[in-house]
Structure formats: structure tokens, C-alpha cells
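Just below is one structure, and these are the notes that go with it.
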Amino acid sequence: METKVSTASPSVNTPYAPAPSSNAPDHVNLGPGTYEYLPLKIPFRMTMGIEPLEMEDWVEIDVFYDEEMTLRREILETRKEVAIVSRPEAADANWEVLEMLAEFLPQRFPSRFRREGSMLFDLTIGDTYDINDKSLDPLEVIARLIQEDVCVMMKVDGKLRLVSGAVLFPQRWHLLEKMGMDMRSIHLPVPLYADVIGSAVDHFMNRLKVDKPVWRANWAIVDDPTLFQPLNEEDIYAALQGNVKNNFDFQNHNGDVGSRLYTRCERETLVRLPRSGAILFTIRTYIRPLTVFESRPELAKQMVRAMQSLPDSIAKYKTMAGFYDVALEYLQRCAAQSTG
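Put into C-alpha cells, the structure is as follows:
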């Protein structure tokens, strides 16, 4: 069936859409051996870790795009009720995010997306979306367009609260359980959060400017590379007690630790939406096997130092307690290959 193309103007003229640039590749070179987002604070410090964001880098497409987008579509078909949640007050902000992406993506990735009036063409998948069609679920469309998960926070009863999200790649948390919570409640299971950075985070979030987007990253070592891992609060608190059952018996491993353990890094961006004033989080997940460190001894050395400085409570929260020793030993062997 031939698609009718609208000539209507985009409904949002966002300041975020970057002008096409010959210096901006249409593909981000983040392959299996890259560790661009492994934030190693040595010694460990509980900080926000905020960095200025160039909006050209707001959304990334890498070599795992096709694989991950196939997985995202499968999750939407089978677990949508868990992956996409929204409160009524988030409706306008959800549409604002989609409209921003519909303007951003064709300019940033012109070989993958095209915009004609209100029509957005996904040239990779073959899907077409009319951004003016209010029968669409904007969060589902977003989840079908990009590898990033998204969360929206708005002021409700005087506090910024989570009001919507499309979270298809969660680790140790559940979107339904967090809905309606403020930042401190969301991060209640995180050791040191409330005492060390809770007030600073609240202050920063309330003062975030439309033209000052930021990004941050976090990391963990995991024994399960599955991207979709929603857990409830009981699982999280079990982790804090060191009671998580790991996938493998690492005390009786066969020398295959590097291929059975992975780094899981999350790159988050924070953007104040210009129309609604809501705050948009994007969350991008990168999983790499520890075997990559065999060819990166200097990075392995940094990883060893970072692990050795982790407080026990943080190691447990990251669910690393069951394999911390064998992971550290493996990384020390990788680091020993360094000539420095």
C-alpha cells in the first residue's frame, strides 16, 4: 500500500535537533571491543558523575542496532505491559519526546531515517509513522525507533516523579514498581545514595536548563548478558544481603571466567523538555565480555583498581559478591600483560 505523505509542519521545533554535519558519522563505532562508557572512579567516590552533553550525541546507533531492535520488538510483543508504563499527566511529554526524536533522527542518521512533513520513515526496518496520528502510543514508537530506553519525570505534588517510561532493557528494577516515585524513593536500595548525593541530585534536577543537557554513566560486572532483566524490590534487597543466586558456580569454574562474566555499562542522558518542562532520561545499555580486557591490559589495570576500591555494600548492590574474587583474579591476569 502506498503511504500518503503529509506536508504538515512538525509540531515541535526543538532546539536539540543538530544540523546535518559532514563531521558526524551516520554510524557510531561502538563495537564489541569498545569501552567508551566505563566510568572508573579511583578511588571509589559516590558522585553524580555529570558531564555536558553535545546533542549531536544524544542518541547513538552502533553495530548492535539490528540485533537489539529485533529484541526490542519481541519484548513489545510479549511483555509490553511491563516495558511501557505511563500515567495520564505524562501524555503531552510523551508526545514531545517522540516529536523531538522525529526531528532529530533524520538529521543525525539520514541513511536510516527520513522525515517528510509529519511522516517519519524508518529506512532500516521499513516502518512508517505519522507523528500527527494521536492513536499511536508515542512510547511504543520510541521503543521501536532507538536502542535507548526512556523515562520521563515531572513535578507532581511539588516533587519530580517518574510519570512514564519505555524500559525494555532494565537491570534489577521494575518500571511498574518505580512509577510515581521521586528520585530518593527510586534509589532507596542504592547504598550511600540518600546520605551522600541525594540532596545534590534533587538540587541539580530542579535546576536543569533546557539548553544544558548532560550525560552520566555507571557500570557493573554481571554473569548474565540478558538485556531484559526486570526484578522486584525483594530481589534487590536480597542482593544487598549477598543472597543472589548467580547463573554459574564460579568457585568451580573451568578457566572460562572471561567468557562467562560481562561488564554492563549504562549511559544516561538528561534533557529538560522545552515545551512541557519535564525531564527526559535516556538509558543506553552496553554489554561486553570480560575477554575484551585480554587485549586491553591498561584498562584491565584500571578496572582492578576500581574494583578494589569498591565498598562492600556497593559490590553487593551490583550483585558482584558471588563472583567478585574470580573476576578480580581474571582482570589481574589481564592487567599483567601490560608492559607499563
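Residue 284 in the UniProt record's numbering sits at position 284 of the sequence shown; the count goes up by one each step and never skips. All C-beta atoms, glycine included, are put in the ideal place defined by N, C-alpha and C.
A distance below 6 Å between beta-carbons, with the five flanking residues on each side excluded, links M154 to the following residues of its chain, in chain order: V163 and A278. E298 sits away from T282, with the two beta carbons spaced by 8 Å or more.
If one requires a minimum length of 4 residues, the alpha helix (DSSP H) runs lying completely within the region 81 to 143 are 91 to 108, in chain order. As the crow flies, the alpha-carbon of V167 is around 26 Å from that of S118.
Taking C-alpha positions only, A327 is separated from I50 by approximately 28 Å. Sequence-distant Cβ neighbours of L175 in its own chain, meaning closer than 6 Å and more than five residues away, are V85, G165 and V167.
By the Cβ rule, the region 40 to 48 counts as touching the region 303 to 315, because three or more pairs are nearer than 8 Å.
Per DSSP, the unbroken alpha helix (DSSP H) holding S259 starts and ends at V257 to R260. Going by DSSP, V152 is part of the beta strand (DSSP E) stretching over D149 to V156. Assigned with DSSP and collapsed to three states, P297 falls in helix.
Taking the CA atoms as reference points, T128 sits about 5 Å from F121.
By the CB criterion at 8 Å, M55 and P289 fall outside the cutoff. Taking a 10 Å sphere around the C-beta of V152, we find 16 or more other C-beta atoms and assign the residue as buried.
Around the beta-carbon of I42, fewer than 16 other beta-carbon atoms lie within 10 Å, marking it exposed.
In the structure shown, R275 adopts coil according to DSSP, grouped into three states.
Contact check between the region 61 to 77 and the region 215 to 233: three or more CB pairs, one atom from each, fall below 8 Å, which counts as touching.
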